[in-house]
Each structure stands twice: as C-alpha cells, then as structure tokens.
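This report concerns only the one structure given below.
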Amino acid sequence: MATDNGPDLRQQLIELLKGKGAHLAFDEVINGWPAEARTRIPDGAPHSAWQLLEHMRIAQRDILEFCGKPDYIEPSFPDDYWPSDDEVPNHTDWTNSVKQFSDDLDQMQRLVADPETDLHAKIPHGTGQTILREALVVADHNAYHVGQLVLLRGLLGIWHSPAS
Numbered sequence: 005m006a007t008d009n010g011p012d013l014r015q016q017l018i019e020l021l022k023g024k025g026a027h028l029a030f031d032e033v034i035n036g037w038p039a040e041a042r043t044r045i046p047d048g049a050p051h052s053a054w055q056l057l058e059h060m061r062i063a064q065r066d067i068l069e070f071c072g073k074p075d076y077i078e079p080s081f082p083d084d085y086w087p088s089d090d091e092v093p094n095h096t097d098w099t100n101s102v103k104q105f106s107d108d109l110d111q112m113q114r115l116v117a118d119p120e121t122d123l124h125a126k127i128p129h130g131t132g133q134t135i136l137r138e139a140l141v142v143a144d145h146n147a148y149h150v151g152q153l154v155l156l157r158g159l160l161g162i163w164h165s166p167a168s
C-alpha cells in the first residue's frame with residue numbers, strides 16, 4: 005500500500021502541475037499567441053496576456069524560491085507580482101517569459117518527483133507551509149490564470165483549436 009508521501013501522490017501532483025485533467029495545459033493556451041494581441045485588453049478583461057503571463061511567471065518563481073531558499077524574502081504584494089501597466093514586451097521578452105515559466109514549472113515537478121523531498125515536512129523558514137501545499141498552490145494558481153488566458157483569447161477573437 006502506498007503511503008500518502010508515495011509515488012501515487014507524487015504522480016498525481018505532477019499531472020496536476022502539468023495541467024492534465026480538467027483544464028488545458030499552459031502550452032496549449034499560450035503557444036501561437038499573436039504578437040499584436042499580447043498587450044491588448046478587451047472590454048471587460050482586467051489584464052492583457054502579457055500581464056497574466058508575467059504574473060504567472062513571477063508568482064511561480066516566488067513559490068519555488070520560497071520552497072528552496074533559506075534566505076527567502078517575500079516580495080511585496082501586489083506590486084512585485086505584476087508587471088507595470090505600461091510595460092510593452094518585445095518578442096524576446098515574451099519568449100523568455102514563456103520559457104522561464106515552463107522551466108520553473110519543470111523544476112517544481114522535479115521537486116515533487118524527488119523521493120528525497122518530504123512533501124509533508126514544514127518548510128523551515130515558513131509559517132507551517134509544506135512542499136505539498138506549495139505544489140497545490142502552483143497548480144491552482146496556474147489553472148486559474150490559464151482559464152483567464154483562454155477567456156482572453158476568446159474575447160480577442162484569437163482562439164485556436166488546442167489540437168492545432
């Protein structure tokens with residue numbers, strides 16, 4: 005029988021982090037986003053794709069640093085978690101942000117998959133948080149904002165079939 009720190013839990017967490025299951029994965033939504041639509045905010049939407057992408061990247065990086073850096077310093081919310089409203093990314097900025105988000109997501113998956121990681125141990129410099137909790141926060145936060153990106157694509161009229 006697998007323990008609650010065993011391979012079944014780890015694999016389920018990894019699948020959740022990958023976006024498998026009840027929602028689209030990050031890559032399925034972000035790939036092929038037209039450059040001219042990256043900073044547009046349609047009526048009724050609070051953010052552009054660039055703002056959401058950067059927020060997701062920054063928040064996920066913050067959680068990884070919290071999990072692994074004993075000298076972690078919490079950024080100021082909300083200012084340090086969102087790009088400025090007037091920031092306009094070029095192609096390199098966009099590409100680097102997508103890559104960093106994906107790399108950090110892979111790093112979180114490796115942390116969860118590592119049998120040396122005690123998913124239930126309290127993070128020493130935290131206030132009771134565990135790696136399990138932080139992995140669930142990453143998955144939940146990413147799913148929420150991927151949903152916003154899907155809605156944004158629809159509002160901008162740039163939706164594509166995920167299979168394409």
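Numbering (our numbering), first residue to last: 5 to 168. Glycine residues also receive a C-beta, built at the ideal position from the N, C-alpha and C atoms.
CA-to-CA distance, residue j to residue i, given in whole angstroms
{"i": "residue 74", "j": "residue 129", "result": "6 Å"}
{"i": "residue 168", "j": "residue 156", "result": "Caution applies to residue 168, whose pLDDT of 46 falls short of 50 and renders its modelled position unreliable; the value that the coordinates give is listed next. About 18 Å."}
{"i": "residue 45", "j": "residue 19", "result": "31 Å"}
{"i": "residue 6", "j": "residue 109", "result": "Residue placement at residue 6 is flagged as unreliable, the pLDDT there being 41, under the threshold of 50; the coordinate-derived value follows with that caveat. Going by the C-alpha atoms only, they are around 25 Å apart."}
{"i": "residue 141", "j": "residue 161", "result": "30 Å"}
{"i": "residue 22", "j": "residue 144", "result": "11 Å"}
{"i": "residue 53", "j": "residue 16", "result": "28 Å"}
{"i": "residue 100", "j": "residue 37", "result": "14 Å"}
{"i": "residue 80", "j": "residue 66", "result": "11 Å"}
{"i": "residue 77", "j": "residue 84", "result": "12 Å"}
{"i": "residue 149", "j": "residue 34", "result": "11 Å"}
{"i": "residue 105", "j": "residue 61", "result": "5 Å"}
{"i": "residue 97", "j": "residue 24", "result": "27 Å"}
{"i": "residue 121", "j": "residue 127", "result": "11 Å"}
{"i": "residue 163", "j": "residue 49", "result": "16 Å"}
Sheet register partners of residue i (DSSP bridge)
{"i": "residue 134", "result": "126"}
Among the options, nearest to residue i - alpha-carbon criterion
{"i": "residue 125", "options": "119, 134, 54", "result": "134"}
{"i": "residue 132", "options": "38, 71, 107", "result": "71"}
{"i": "residue 89", "options": "66, 59, 116, 79", "result": "59"}
{"i": "residue 63", "options": "139, 37, 17, 164", "result": "139"}
{"i": "residue 92", "options": "24, 127, 42", "result": "42"}
{"i": "residue 2", "options": "107, 15, 30", "result": "Residue numbering for the chain in the displayed model covers 5 to 168; residue 2 lies beyond these limits and cannot be assessed."}
{"i": "residue 136", "options": "150, 149, 115", "result": "115"}
{"i": "residue 95", "options": "25, 127, 164, 39", "result": "39"}
Contact check, residue i vs residue j, beta carbons under 8 Å
{"i": "residue 147", "j": "residue 27", "result": "yes"}
{"i": "residue 152", "j": "residue 56", "result": "yes"}
{"i": "residue 159", "j": "residue 112", "result": "no"}
query: Can you list the alpha helix (DSSP H) stretches of 4 or more residues lying completely in the stretch 21 to 92, in chain order?
result: Qualifying alpha helix (DSSP H) stretches, in chain order: 30 to 34, 53 to 72.
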